[in-house]
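Okay, so the sequence shown: first residue is 5 according to my numbering, each after it adds one.
Notes to accompany the following structure.
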Amino acid sequence: MQPPLHAPWRMDYIRSLSKPEGPCFLCEASNITTDADRKSRLVLWTTDHSIVLINRFPYTNGHLLVSPRAHKADLEELSEDESADLQRQTIEAIRLLKRALSPQGFNVGINLGRCAGAGVPGHLHQHIVPRWAGDTNFMTVIGEIRIVPQAMSQLYEELMRVRGV
Ligand SMILES: [Zn+2]
5 MQPPLHAPWR MDYIRSLSKP EGPCFLCEAS NITTDADRKS RLVLWTTDHS
55 IVLINRFPYT NGHLLVSPRA HKADLEELSE DESADLQRQT IEAIRLLKRA
105 LSPQGFNVGI NLGRCAGAGV PGHLHQHIVP RWAGDTNFMT VIGEIRIVPQ
155 AMSQLYEELM RVRGV
């Protein structure tokens, strides 16, 4: 049994949640049209129903989010097509991470509702967290310093390259 993941930089994220409601970042990311915007928002790909992006506040390297494009909070609000596509893109994301980062396992799941840990409870999103044996020490060496943007854009480039886009 692994101890819980330690991700101190997520405090920035948790603090940001107490700020006044801004536009939903998943809706914004879903509506972008240019490659530059896609890159700056770490959007890997979109389909008619779903969006796949790198989590800016990751638990591990390669932590991805798969979300319906529609601003919906609950699984039962999704249409059959949205629901099926969410599952399809989750599988695609896992496939990509296996090729790019060779993880040894995954945590995959959705937090529904603020009390269940959802950071953006209005817009559901599936977390795909790649895991490696001993990864609880992931980046603790850099302590309070959050993943530097450069590392995120390098990860973005790498995943896009492996995906062959
Ligand atoms: Zn939204």
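A virtual CB, placed ideally from N, CA and C, is assigned to each residue, including glycine.
Residue i and residue j: beta carbons closer than 7 Å?
i: residue 93; j: residue 56; result: yes
i: residue 134; j: residue 101; result: yes
i: residue 73; j: residue 44; result: no
i: residue 132; j: residue 68; result: yes
i: residue 86; j: residue 53; result: yes
Taking just the CA atoms, how far does residue j sit from residue i?
i: residue 117; j: residue 104; result: 31 Å
i: residue 119; j: residue 112; result: 18 Å
i: residue 98; j: residue 126; result: 24 Å
i: residue 162; j: residue 70; result: 18 Å
i: residue 138; j: residue 166; result: 25 Å
i: residue 164; j: residue 46; result: 10 Å
i: residue 64; j: residue 37; result: 28 Å
i: residue 109; j: residue 66; result: 12 Å
i: residue 157; j: residue 42; result: 11 Å
i: residue 80; j: residue 31; result: 19 Å
i: residue 29; j: residue 76; result: 13 Å
i: residue 39; j: residue 27; result: 21 Å
i: residue 84; j: residue 49; result: 21 Å
Tell me, which residues are paired with residue i by DSSP?
i: residue 71; result: 55
i: residue 111; result: 133
i: residue 50; result: 55
Which whole-angstrom value is the C-beta distance of residue i and residue j, which I expect to be below 8 Å?
i: residue 159; j: residue 58; result: 6 Å
i: residue 89; j: residue 51; result: 6 Å
i: residue 130; j: residue 114; result: 5 Å
For ligand 2, I want to know if residue i counts as a neighbour, meaning its beta carbon is within less than 6 Å of at least one of the ligand's heavy atoms.
i: residue 53; result: Among the ligands in the structure shown, ligand 2 does not appear; only ligand 1 can be found there.
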